[in-house]
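S.K.: Mind looking over this structure? Questions follow.
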Amino acid sequence: MIDPRHICPCCNGNLLRHVNHQRVYWFCFYCKQAMPVIDRQQKQ
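Positions in the sequence shown are counted from 1; adding 8 to them yields the working numbering.
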């Protein structure tokens, strides 16, 4: 089962984890957009 945090909220595509300048973010291959890291505590 895929963790729902790894699904793009825009297109439901898979997100790829990237690190750039010591910052972690998710990137959607289909949307070509960076997505912020969503913490489980933020969603509650």
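Heads up, the beta-carbon is just placed ideally off N, CA and C, and yes, glycines get one too.
Below 8 Å on the Cβ atoms is my guess for Val-27 versus Val-45; work out the distance and round it to an integer in Å.
M.R.: In the sequence shown, the residue the question calls residue 27 occupies position 19. In the sequence shown, the residue the question calls residue 45 occupies position 37. Actually they are not in contact, since the Cβ atoms of Val-27 and Val-45 sit about 11 Å apart, beyond 8 Å.
S.K.: Which residues mark the beginning and the end of the beta strand (DSSP E) in which Tyr-33 is found?
M.R.: Stepping through the sequence shown from its first residue, residue 33 is reached at position 25. Unbroken beta strand (DSSP E) run through Tyr-33: 31-36.
S.K.: With DSSP as the reference, please indicate the residues paired to Val-27 in a beta bridge.
M.R.: Walking along the sequence shown from the start, residue 27 turns up at place 19. Paired residue(s): Val-32.
S.K.: Where does Cys-19 land, buried or exposed, given buried means 16+ other C-beta within 10 angstroms?
M.R.: As a working mapping, residue 19 is identified with position 11 in the sequence shown. So Cys-19 ends up on the exposed side.
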